[in-house]
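Residue numbers (the numbering used here): 33 to 176.
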């Protein structure tokens, strides 16, 4: 029901107005738009978030930006976003994991293995599916 998504957008808008530095609000809003295949809207939201969010919290926004650019087959923009995510917080296991998946999908297996290892090293108990996925992906890349 599209009305619910419009209501959600209004709530997200209020959330970013109340606290423009909250990365989680921008991320959740952009994820919703990504799932609706509204990629340009999601990228715009992430861009706004990156104007306000500081420090390590930027990693999650850049990592999501990378995923969206990858979906749009804009590889250089995707790679730049993933690298920015890792520069913002090298220990962000999501950034390492999604960059590794991007590299794997482009058959850059040696590089993917490095980032899968870092994702595994920095993993912090969430999401629970990630360790098994890392293990499967590393096997497919020939890492282990």
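By construction, the Cβ of each residue, glycine as well, lies at the ideal position given by its N, Cα and C atoms.
Bear in mind that the values here come from a model prediction, so they are computed numbers and not experimental data.
- Going by C-alpha positions, residue 121 is about 8 Å away from residue 90.
- For residue 66, the number of other beta carbons within 10 angstroms of its own is at least 16, and it is reported as buried.
- With respect to residue 128, residue 154 sits close: the two C-beta atoms are nearer than 9 Å.
- Across the structure, residue 161 and residue 80 are spaced so that their CA atoms are roughly 30 Å apart.
- The C-beta distance from residue 107 to residue 138 rounds to 7 Å, short enough to fall under 8 Å.
- DSSP places residue 48 inside the alpha helix (DSSP H), whose first and last residues are 34-50.
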